[in-house]
Amino acid sequence: MTMSDHYSEYYQVFFRTKSGGRGVDYETAKAEFLTVYRDYRVEILLELPSKMRLHVAIPDISNDQLVNLAKRLGYTYGILKAQEEPYLGEKLHAKNTARWVVGTIRIRDKKIHLTEIYRQDEIERLENSPNKRSFLIEKDGEIKEAKGYRRKRAVSPNDAKFIINISELNGDETIIDPFAGTGGLLIECLSRGIKAFASDIDPVVKPGLAKLTDNRFALADARNLPFKDNIFDAVITEPPFSNKYRQDVLDSLPEICRIIKQNGKITFLIAQDMYNDIKNYMIEKGFSARRDFTLRRHGKLISRVITFEKKPI
Numbered sequence: 060m061t062m063s064d065h066y067s068e069y070y071q072v073f074f075r076t077k078s079g080g081r082g083v084d085y086e087t088a089k090a091e092f093l094t095v096y097r098d099y100r101v102e103i104l105l106e107l108p109s110k111m112r113l114h115v116a117i118p119d120i121s122n123d124q125l126v127n128l129a130k131r132l133g134y135t136y137g138i139l140k141a142q143e144e145p146y147l148g149e150k151l152h153a154k155n156t157a158r159w160v161v162g163t164i165r166i167r168d169k170k171i172h173l174t175e176i177y178r179q180d181e182i183e184r185l186e187n188s189p190n191k192r193s194f195l196i197e198k199d200g201e202i203k204e205a206k207g208y209r210r211k212r213a214v215s216p217n218d219a220k221f222i223i224n225i226s227e228l229n230g231d232e233t234i235i236d237p238f239a240g241t242g243g244l245l246i247e248c249l250s251r252g253i254k255a256f257a258s259d260i261d262p263v264v265k266p267g268l269a270k271l272t273d274n275r276f277a278l279a280d281a282r283n284l285p286f287k288d289n290i291f292d293a294v295i296t297e298p299p300f301s302n303k304y305r306q307d308v309l310d311s312l313p314e315i316c317r318i319i320k321q322n323g324k325i326t327f328l329i330a331q332d333m334y335n336d337i338k339n340y341m342i343e344k345g346f347s348a349r350r351d352f353t354l355r356r357h358g359k360l361i362s363r364v365i366t367f368e369k370k371p372i
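Under the numbering used here, the residue at position 99 of the sequence shown is numbered 158, and the numbers go up by one with no gaps.
Put into structure tokens, the structure is as follows:
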């Protein structure tokens, strides 16, 4: 299928098929892509869910603008620029590069020139993965550098990108993660220049979080946070998944609601079995549920990402 009835120039977007867990859902990856490019006029030309592929036109964007935003995407693996022209019988050249073809191909009476303009940096992704990343911890009165600390619980870089993206931040917000752990979500926020605070009840992670946030850290129980009312623009967090801490997580919700500003945003990455309780509580407190995704993580672990907005009273 060609796009000549609409545009002679468009983009082929290839979503990741895996992201550290059991796989990426097509609709989830598409939602992230459209969110990141929400300030531009994006027209969907063709959807190929079985191939994890999407063709779009973005008329008012430059290559540099497109690539700079693509670097924020968690679930997009590559983007090709496609340019269509009439086929005049000349010899065409193309080559396969794993999941896509670059060069010039023929489709009926058209020739399509395909140029790779973005490919996700796999080396950077692996270097920043939880099992490779170094983090300062305090143990037995000593501060040590630990590699892969809490790697089985930590958020992967791609999942962190996705979570920050669907939170729909403008970039000038002040955010907090009250269950900061080893700071996977904070790392992504800070890489974008977002002012981020951290808190956690575990003294072991204090040195690492203090270093990461330039001392914008509080050693605190999320059920009793040492912050003023209505002070943060956004809360983005992953509470503990274990049923052992279920009630503690639910008991932290009043504090999380207290510290968020009017029209502020809250994004949770939560265990599937906490989903209904957390969603019902937030809605009862006047928050609107904005976005909701299922996320497949390690092994058979199914989690939910849900965003809320604090409505004006």
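The beta-carbon is built from N, C-alpha and C at its ideal position, and this holds for glycine as well.
Counting only runs that start and end within the region 103 to 140, where is the alpha helix (DSSP H) found for 4 or more residues in a row? 122 to 129
Contact set for G79: own chain, Cβ-Cβ below 6 Å, skip 5 residues either direction: For this step, residue 79 is matched to residue 20 along the sequence shown. Here G79 scores only 48 on pLDDT, less than 50, and its place in the model should not be relied on; the value that follows carries that caveat. Once the five neighbours on either side are set aside, the close Cβ partners of G79 are S215.
Closer than 6 Å by C-beta to I365: which residues in its own chain qualify, once you throw out the five before and the five after it? Chain order, please. In the sequence shown, counting from the first residue as 1, residue 365 sits at position 306. Taken in chain order, the residues that qualify are F327, D351.
Assign M60 to one of two classes, buried (16 or more other C-beta atoms within 10 Å of its C-beta) or exposed (fewer than that). Residue 60 sits at position 1 when you count from the first residue of the sequence shown. With a pLDDT of only 46 at M60, under the threshold of 50, the placement of this residue in the model should not be trusted; the figure read from the coordinates follows. So M60 counts as exposed.
Nearest neighbour of A116, chosen from D123, P108, V101 [CA to CA]: Position 57 of the sequence shown, counted from the start, is the residue given in the question as residue 116. The shortest Cα separation from A116 among D123, P108, V101 belongs to V101.
In its own chain, which residues sit with a C-beta less than 6 Å from the C-beta of Y136, not counting the 5 before and 5 after it? As a first step, residue 136 must be located in the sequence shown, where it is residue number 77. Cβ within range, chain order: F73, R75, Q179.
Going by other Cβ atoms of all chains shown within 10 Å of its Cβ, with 16 needed for buried, is K369 buried or exposed? Stepping through the sequence shown from its first residue, residue 369 is reached at position 310. Buried, since its Cβ has 16 or more Cβ neighbours within 10 Å.
Option nearest N190 by Cα separation, candidates N122, T241, E227, E201: Translated into positions along the sequence shown, residue 190 becomes position 131. With distances taken between Cα atoms, N190 lies closest to T241.
So, T272 versus A255, is the Cβ gap smaller than 8 Å? Reading the sequence shown from its first residue, position 213 is the one you call residue 272. Reading the sequence shown from its first residue, position 196 is the one you call residue 255. It is a contact, given that the beta carbons lie within the stated cut-off.
Please name the residue in I260, K270, I222 whose C-alpha comes closest to that of E247. The residue given as residue 247 occupies position 188 in the sequence shown. E247 has its Cα closest to that of I222, out of I260, K270, I222.
Short of 8 Å in beta carbon distance, which residues of its chain neighbour K198, apart from the five on each side in sequence? Order them along the chain. Mapped onto the sequence shown, residue 198 falls at position 139. Result list for K198: V263, in chain order.
Report back the beta-carbon spacing between Y375 and D119 to the nearest angstrom; my notes put them in contact at under 8 Å. Within the shown structure, residues of the chain are numbered from 60 to 372, placing residue 375 beyond reach of any answer.
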